[in-house]
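Residue numbers (the numbering used here), protein chains in the order written: chain A, 29 to 345; chain B, -8 to 331; chain C, 538 to 832; chain D, 8 to 321; chain E, 304 to 879. We treat Cβ as the ideally placed atom computed from N, Cα and C, and that holds for glycine. Note that the coordinates shown come from a computational prediction; the quantities given were computed from them, not determined experimentally. Take a look at the structure below.
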Amino acid sequence: MLEATDLHVEFSGRGGRRARAVDGVNLSVGAGEIVALVGESGCGKTTLARTLLGLERPTSGQISYDGTPLSYSGRALRAFRREVQLVLQDPMGSLNPRHTVYEAVAEGPRIHRLPDEEAVVADALARAGLRPPERFFQRFPHELSGGQRQRVVIAGALALDPKVLIADEPVASLDASVRGEILSLLLRLRDDLGLSALVVTHDLGLAWNIADRVAVMYLGRIVESGPTEDVLKDPQHPYTQALLSVLPESPNRIVLTGEPPDPTRIPTGCRFHPRCQLVAAGKGTEACTTQPLQVLPATTAPQVSCHVADLVGRDRK
Amino acid sequence: MTTAVEELEQTPVRHGLLRYAATKAGGALLSIAMVIVATFFLFRLLPGDPVRALAQGRNMTPEQLDLERARLGLDKSIPEQFLHFVGQTLRFDLGVSYEYKRPVLDLIGERIGSTLLLTGTALVVAVSLGLWQGARAGWKPGSKFDKVSTAISLVLWSVPTFWLGLLLLMVFAAGIGPIPGIFPTRGSSSVDKPDGFAGVLDVAQHMVLPCLTLVAVVYAQYLLVMRSSVIDEVGQDYITTARAKGLRDDDIRRKHAVPNALLPTVTLVFMRIGFVVGGAVTVEAIFSWPGLGQLFYEAIRVPDFTLMQGTFLLITVSVILMNTLADVVYHLLDPRVRSA
Amino acid sequence: MSNVTWVRRRRAIGRFWADFRTHRAGVAGLVILAVAVVLALLAPLFIDSSVTNVVSGTGAKMAPPSLDDPLGTDESGRSVLLMIWWGSRTSLLIGFLAALLSMVIGTVLGIAAGHFRGWIGAVILRVTDWFLVLPSLVTALVLAAILGGSTATIIVAIGVTSWPSTARLIRAQTLAVEARPYIERSLALGAGHWHITTRHVLPNVAPLLLASTTLEVASAIVTESTLAFLGVSANKTSWGTMLRGSYDWGAATAGAWWYILVPGLCIVTVVMAFTLCGRALETVLNPRLRTRAHA
Amino acid sequence: MLELDELSVTYRLESSDVPAVRGVSLQLAAGEALGLAGESGSGKSSVALALLRLLPRSAVVGGRVMLDGEDVLAMKWGRLRAVRWSSASIVFQGAQHGLNPVQRIGDQIAEPLLVHRQASGADASKRVRELLAQVGLPAWRARSYPHELSGGQRQRVMIAMALACEPQLIIADEPTTALDLMVQAQVLTLIRKLIADHGISLLMISHDLSVLADVCDRLAVMYAGRLVEVGPSSGQFQHPYSQALAAAFPTVGDPASRLAPRGLPGDPPDPQQLPGGCAFHPRCPVALESCATSDVQLRASGADRAAACVLVGE
Amino acid sequence: AADPAPKKVIKIGVTQAVDSMNPFLAVRLVTGSIQRMIYGFLTVPDSKTLQPSPDLAESWTTSPDGLTWTFKIRQAKWSDGQPITADDAAWTFNKMMTDDAAKTGNGPAVENFASVTANGQELTIKLKAPQASMLDNPVPIMPKHVWEKVKDIGKYDAEVYPTVGSGPYVAVEHKKDQFVRLEANPDYWRGRPKIDELQIIFYDNPAASIVGLKKGDIDLIGRLNPSDFESLKGDDNIVQWNTQGRRATYLQVNHGATTSDNKPIGDGHPALKDPKVRTALHYAIDKQKLVDEVQGGLAKPADGSIIPPLYKDFFWEASGAEKITFDLAKANKILDDAGYKKGADGVRTMPDGSRKLQFRFSIHTDAPVEDKLAEYLTGWFKEVGITLTTKRLDSSKFTEETGTTALFDIAISGWSVNPDPEEVLGTHLCSRRPTASGDGGGTESFYCDPTYESLYLEQQKELDRGKRAETIKKMEERLYTDAPVIALYYPNDLEGYRKDRIAGITPIPEDKGLLYGGSGYWPFYTLEAVSKDGASADGGGSSTGVIAGIAAGVVVLALAGFFVLRRRSGAADERE
Ligand SMILES: Nc1ncnc2c1ncn2[C@@H]1O[C@H](COP(=O)(O)OP(=O)(O)OP(=O)(O)O)[C@@H](O)[C@H]1O
Ligand SMILES: Nc1ncnc2c1ncn2[C@@H]1O[C@H](COP(=O)(O)OP(=O)(O)OP(=O)(O)O)[C@@H](O)[C@H]1O
Ligand SMILES: [Mg+2]
Ligand SMILES: [Mg+2]
């Protein structure tokens, strides 16, 4: 449905240095599929999500929806945005404090001049689990709980009958007990409406909870992807392995040293090599530090981008 | 390894500051250029014939008038005049006053000292008093101290400078009822000003009322700004940390809250220099203080356009420079922006 | 749906009023203001400009307050009380219109500077900063001197020199609002510039604008009086020109304290009322302070 | 070491009162690590701040806080100041805000030393170097400003600061919440190591049960200002709320939670309008009719474990 | 305080600052009066009669054709001891004649000079045309030996002290915008003044100067406005000095302005071309009321013209049928008879019905008296069916519109008249009208009247003072009846001084004359200070210091107290 091909996004940061926030990504979200994009803070997840929505223009590469490349003219973007919708991390922030629930949900239909506004709004709210919808029309965001707010945001997206939902950390700011409810809602929407979704998160548990497929991102690149079970139960990339190992329940931790890397200074060779536990343990190869890796293609099969694990991966097949 | 990192981490600081200062200086230059252009056209908009204003009702023959016109370059086309004006201004030549027949720059030079003395003192007093009181008031909003300071500053904020000056003059220079008129009625010093320390005291005595007027009006703004700035800081977590460390209340305010609150205030303090200058016009007129404000006021009343133009240019440019300085100082003070 | 919106508005206003009422100083300011404005509006029903006419000034010159002239008379035997009353119209008019002018310029440029990144925003910001550092009183003086001191030019002179702080404030607020995720969401819903600025930014800056306009009126009234005092205002009777009159006609040395104190106190009172009101509005409406209070 | 006895915190607002903590009793032995869990707004931070009387003026504190046999709430002002930091120190959640942005971190670490130990400048800076080394930062970092450090480094500075006066108790209020997975692991490892090395008692607050279970010996779970369960970190939770909370953080690889996210229906309680009876009953999957009317206190439910639910124990 | 004999110091307050200490450049009145005290002139108005009397010129003769004047310069010394010679005078005049920059101050005074030569003490001036006002030359004679070294007169600020002069005082200090200090010139040829020092102190704020006088910061102040003058009443130490002034205030009426080649110019209202309308306006002005209300009774209503009664010789006043008194009925009648019919709104129209009688009244901005005048005139004119609207102009615009472009109907005007009235009379000559290109001029009325012109020429040639006065009075009468200008009143000269400081001062003219505002140095030459015993006269400085010290001390104590209080309270309300 939604596909990114060899996407690059750069920002000119302070001091004239360029931050390559997204540095060569191929990613596709199929119909009715939930894809989780995981990675640590600053690796470019949000940038990728925003670019997929056309909120950010790629430096190179392209986005295509239903096979047609995305055009950035106002009209085309607007049409595109009826189909692809966004849900953000912070439901309080995503709602204008001066707008009622009704107005918040009606905003999309108004922009796109949909007929029968009230019915559309009521329907969207009901589908997002806010029932009866009329009870919520006149509420202000601050009169709602966090979970309810996130449902309002989702309802706002549903009001436009989208085909794809991009959710950037949709539950990160919600209370632990509430987040399960929202995730269930996403799953139900997928089942009922056939909605595809790209869920951006740094929480592996979440990915395990709802995703069909997982893509692990590191410093602007996807380093490993594949069906959830494959990636999370049998990680190939040393970075994925480390991420999984620091989950509290895992027995032996691999705590990577050093701080999260800087997209303005991407290391040569494998971009992970300065922190790689295999390299540190001397198990790396010459290529790790010198030879750049290929950009992974947008396939659904499990794949990994690593000089060392490549071999392992191929072995497994 | 560590040392390498150290160097890496330390170097950008200098560069950042230099680059920042350069940007700011560039901005200031642009602003000044805009001021020069604006001044030229603003004063060309003035109604009336400057030469006739120069004659000031005295009889001049047509030849004399033409001569004057040529001397002022008014016989040339506007673009030519503009180039001439810019050239002159860049050479720090602000023209010759109609009224005084002397270079405007000289006139300004003679008066700038007194203005700096007055506004400088007022600024220092207003800043220190306002910031100190504002910090205390903001530290405990709602306390009696806060209520009293805020009330006072709100009243002072609402008072027109010239009116306050007049009242002070009437009360403390003229003396009313039991209040003796202990302060002089005019000027920056007595005619027979003694030398040495007594002379300093003499000037100080002359300065009390005008300074007080200026301070009263400006200080209120500083107080209010500082107050809200401190209130903003009080809710911050690092203040709680400091309390948890077992610091005394006063120390927390002094060492933590105030330095942080000062930062946003610095810019505002400098931003308000324009107000001080504006205030100086009225205060200097009321107390016959021989400064730039008075000169400007006189220029407006005559009206002496070159003098007005020159004074306006100078006042504006110096305010711009002060603000630029403030930006750089701010940059130096705040480690967050310094190396960013 | 308009019914619903109306209900919502009424509720919002009710809540606002409940908040505002807790600020005693603000309420006091509002009351003073209301009284001043109502008196100014009603003035033509009782008096006309003849109270400022010298030929018909019947009282003694500079007479102290008496039963006939409760606030004394001026140099031409006119009643200070009636002059103040009539003059309040000019003072308030200048205050309001100058603030309005300044607000309109400030809002448009502020929102534009905040909304349009890139060179448009940069240029506007540059210009704003430039105007901001101009010593406003000095500039207003020059402008008024150049344009002549009619009421309209005084309004323009004050308005044109006082908008930058509004623009700065609005720009900062616009930036803050536009950094909110709901703008991103709105964009994702397909909104354009017009929608974003009018539907999200403007309503969010409006309350602040109201507060800052209130403060702006206060400073415009003071500026008017200062300009009048410095002699560049050729206005009809206003509080500022009355003060100028008291100065010109030596009220201070003649001991006519009522002639100096009354207009001055009127200015201070009204300006303070505006200030109190504005500050109260600011606290009630400023979302930043508000969220803190609710957190 | 630390004993809370019916601690209560009420915030007095203009309109109404907010009962943020409603009678919490807890013991913490010397050298023990206790985890305090609960959702946002359940009163965890209020408890932490009450321990050192750091709450704002609008808060009214009831009950007793015994620190080494002394009632903190009844202490004289000077004594309290002496106790702060030297006996118990705090690491806050938002490390970026807990540090003064315009002071060098070395000075901030040294500050309690100068205040409480009357240390000389040289001694203090020596100690600062030691402390930085303990948390794994190079000594030259002392001259950095907070913004020059990453989140994890800042959190480590906070920890170094907390260790400065060698207190017996450290209160860590959500020390890792804002941090990235990997950094969080780093910080947790550090905390584990420090309490093991120094024998310090730790009160650690988090909403993430798995994080607490990792570090702490015992866990306490709060709901709506009350403790609903206290017990050893190993072992099954008994209170339905604790169970739900635990289930909200799925175990990767656990097929039970695959494509089946679990949570509690309903919304977290508003402390200003608590439901009657057991505060949890509107959301409780196993609520009885009586739960709506009668409140339940903590009751023992096995060795060392207590839960506030009618269904446990007895 | 070290000096055994206390200095006798008199302080004079002024509300205008000195513009330049270089007499070639200075134009301000205040500077003119200071020059009078520092430098000698050829002649000086006699202290009794105001007629020219010898100053540096001991005596003079004039050739029969009136074109050559020979002055004998007095044997006296400059304040630096050098002798004064005719060479100094000749140098001064020649400088002005040859150097444009030197014309700034008193240029017109040498315009008629053909040549100036010196021979020892004899100065010969050749004129281009006869000039009766020759003996009222306003140019101070400068010491050649000092000034010839100055390269560029136009840029020279002359701030060198003590100044070298030949007047009763020597300037010893000048602080810009603050004061000028003059010391007695011991070598002054009339003898040393009786006081030691004269200070001229500048006030920006007139109210402050009154306070200063009442407090004793200054001892004398001139040019008071009526309200300030009133406020001196009741102070036992202050003498209120109220005499006839030098000034006349009048209205300038645009009676059909023309340029010097007689082409109409400007946009004056056609009705004002009719002398009947002008006369009617004259009838509609209650001058007594203006004097009472605007000038606080401290002026004389003008029944004459542009020369004030101070100058007895030249003053003319209407009497009998010619005299116009306030009479609205009569004004209305004149207009009715002349065919200016009142419309329904009470406003008259031109006889041909083309235009309403709506006049503009041009005044200066920032001139409260004019504002007030305007309000009264508007009131009265309304009664006679004429609408008057006020137009405020800044002084340059005002000069342009009322003196060159004639874009006015009625304008305020006035002139401070010198002892010799030729200058003011000259402002109503045809030749003063602007050229077609808008240059030149200096007319105060755009007046061009053959009768007036011939009278002017007549008086200019008449060297007999009595006969000349008769001619001048005829000119005044002409102005009165033809009404291109309508005199309103002659403001009094209002001054005040402290009698506990000033023991004696002789006004000029001695009989009810002026003090500060007069011409010549007489009042200040005759000043006598009240001698005080002890150091009190000199005590200003030290007592000032003491007071300031006390004030500073109080401030410090207050701050200290504040801090102590703060410390104490600090411990009490520590935050929890
Ligand atoms: N507008 C921007 N201008 C400059 N740099 C940017 C901008 N947006 C993002 N970046 C940089 O791009 C990199 C990737 O940012 P992004 O927000 O996509 O990361 P993320 O994976 O979403 O992180 P997080 O988990 O913290 O949300 C970061 O280093 C960030 O600093
Ligand atoms: N200063 C305050 N004034 C009023 N109410 C407050 C204040 N601080 C906290 N509260 C309220 O007290 C309750 C408990 O707050 P507390 O901060 O202790 O919760 P918490 O468990 O730490 O939550 P979180 O996980 O979000 O940090 C909340 O409902 C909160 O709204
Ligand atoms: Mg992100
Ligand atoms: Mg908390």
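Start and end residues, alpha helix (DSSP H) containing residue i
i: G270 (chain B); result: 264 to 277
i: D130 (chain D); result: 128 to 141
i: W786 (chain C); result: Counting along the chain, W786 (chain C) falls outside any alpha helix (DSSP H), and DSSP gives it neither H nor E.
i: E620 (chain E); result: Neither: E620 (chain E) is in no alpha helix (DSSP H) and is coded neither H nor E.
i: M29 (chain A); result: Premise fails: M29 (chain A) is in no alpha helix (DSSP H) and is neither H nor E.
i: I210 (chain A); result: 204 to 221
Cβ pair residue i, residue j closer than 8 Å
i: R526 (chain E); j: T318 (chain E); result: yes
i: I692 (chain C); j: I631 (chain C); result: yes
i: A167 (chain D); j: L216 (chain D); result: no
i: L272 (chain A); j: L232 (chain A); result: yes
i: A337 (chain A); j: H265 (chain A); result: yes
Residues that residue i contacts on chain B, provided the C-beta gap is smaller than 7 Å
i: S673 (chain C); result: G265, G269
i: L328 (chain E); result: K92
i: W667 (chain C); result: S22, M25
i: G768 (chain C); result: R292
Chain-ordered neighbours of residue i on chain A, where CB pairs are closer than 7 Å
i: R265 (chain D); result: W236
For residue i, the first and last residue of its enclosing beta strand (DSSP E)
i: S56 (chain A); result: 46 to 57
i: A474 (chain E); result: 472 to 478
Own chain partners of residue i with C-beta closer than 6 Å, once the 5 adjacent residues on each side are dropped
i: S748 (chain E); result: Q555, H731, P787, V788
i: Q269 (chain A); result: P263
Residues that residue i contacts on chain D, provided the C-beta gap is smaller than 7 Å
i: G233 (chain A); result: F256, P257, V259
Under 7 Å from the C-beta of residue i: neighbouring residues of chain C
i: I139 (chain A); result: L726, G727, A728, H732
i: W148 (chain B); result: T812
Contact list for residue i against chain A, beta-carbon separation under 9 Å
i: E46 (chain D); result: D203, A204, S205, V206
i: D221 (chain D); result: P276, E277
Interface partners of residue i on chain D, CB under 8 Å
i: V283 (chain A); result: M189, A192, Q193, T196
| field | chain A contacts made by the region 725 to 743 of chain C, where a contact means CB separation under 8 Å | value | A725, L726, G727, A728, G729, H732, R736, H737, P740, N741
| request: Pull out every residue of the region 502 to 533 of chain E whose Cβ sits closer than 8 Å to any Cβ of chain B, in chain order. | output: Flagged, chain order: Q502, I504, F505, Y506, D507, N508, A510, A511, S512, V514, G515, K517, K518, D520.
| Near-chain B residues of the region 601 to 634 of chain C (beta-carbon distance less than 9 Å), N- to C-terminal order | none
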